[in-house]
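Following: one structure in structure tokens, then a few remarks.
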């Protein structure tokens, strides 16, 4: 099968129009159209439904697009490995993690990484959905559970607990609860237990809600929960890795916490020798070590 025709088909399917695909490929619309029709003739199949508003893939077109998408990801991976310098770290690295960890822990530390590797381009993809690393939806993942795919290199970074936190100003104004029964006098700030989040956090929130808490603010990510806490709205359910960056937060009811949540870094076996991946992995591990050291120093007073 002609690779040029497949490449043009992929661009058209991705763009949804002949004109846009032609612009991306630096080809005229008529040239793109001829290549697509030639591919359809060679396959004896219609790949697109043609509408005034654009092109929609047929069932056969969807099958071919799935195949070309996988091919492009593999090609991107091979290109990245070839371009990796023996001495320099540069180019794009796609990193996926949860919204909470990405906004509250990872993103604030990226300036140090860019300081060391100014030519690195991080594409930070924050979502609760677990992206498929073997299919190259991302290069590196930091997740709140051990990855299930077999062909991944993984490293356990640390453990996290969801705990209760409030500001000194809020506690001065509303008092400090001495037990979970006192929570009905306070406003709880948390994620909705039915929203996409770390399972341990949802379980803890569900348990807390059994105490008949009348005032509640639910947010769909931990960044929003933190903002509510920092603005003295109530007591928030937050991950304990925040304590280093927000040392003024006071832990409320220290005996109340979620089960342990393991944090893993993972990447495909084929990227084992990637300089970008190695640089990012080493950076995260160094930051984790510094984080643990400061926690010990805080505990010792």
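Numbering (my numbering), first residue to last: 9 to 309.
C-beta: ideal position from N, C-alpha, C; glycine also.
Between residue 175 and residue 256, the gap from beta carbon to beta carbon is short of 8 Å. Residues of the same chain with a CB within less than 6 Å of the CB of residue 191, apart from the 5 flanking positions on each side, are 185, 219 and 221 in chain order. Between residue 207 and the set 142, 151 and 235, the nearest pair of CA atoms involves 151. A distance of 8 Å or more separates the beta carbons of residue 245 and residue 179. Secondary structure within the segment 94 to 126: the alpha helix (DSSP H) runs of 4 or more consecutive residues, fully enclosed, are 118 to 124 (chain order). Annotated three-state conformation of residue 130 is strand, per DSSP.
With 16 or more neighbouring CB atoms inside 10 Å of its own CB, residue 104 falls in the buried class. A residue is called buried when at least 16 other Cβ atoms come within 10 angstroms of its Cβ; residue 34 does not meet this threshold and is exposed.
Residue 260 is not a Cβ neighbour of residue 273, given a cutoff of 8 Å. In terms of Cβ geometry, residue 196 and residue 243 form a close pair [threshold 8 Å]. Residue burial annotation: residue 16 is buried, with at least 16 other C-beta atoms found within 10 angstroms of its C-beta. Under the DSSP assignment, residue 143 falls outside any beta strand (DSSP E); it carries neither an H nor an E label. A straight-line Cα-Cα distance of about 10 Å links residue 254 and residue 112. In terms of Cβ geometry, residue 270 and residue 154 form a close pair [threshold 8 Å].
In the three-state DSSP reduction, residue 224 falls in the strand class (E or B).
Inclusion of residue 287 and residue 97 in the CB contact set at 8 Å is warranted, their separation being smaller than that value.
In terms of Cα proximity to residue 156, the closest of 167, 146, 141 and 166 is 141.
By the Cβ-count criterion, residue 249 is buried, with 16 or more other Cβ atoms from all chains shown falling within 10 Å of its own Cβ. If you check the CB distance, residue 23 and residue 32 come in under 8 Å. A straight line joining the alpha-carbon of residue 202 with that of residue 302 spans about 34 Å. Beyond the five residues adjoining it in sequence on each side, residue 224 comes within less than 6 Å, by CB distance, of 196 in the same chain, given in chain order.
Taking the CA atoms as reference points, residue 145 sits about 13 Å from residue 279.
Of the candidates 284, 306 and 290, the residue whose Cα lies closest to the Cα of residue 127 is 284.
For the segment 226 to 260, the full-length alpha helix (DSSP H) segments reaching 4 residues or more read 230 to 238 along the chain. At least 8 Å separates the beta-carbon of residue 73 from that of residue 83.
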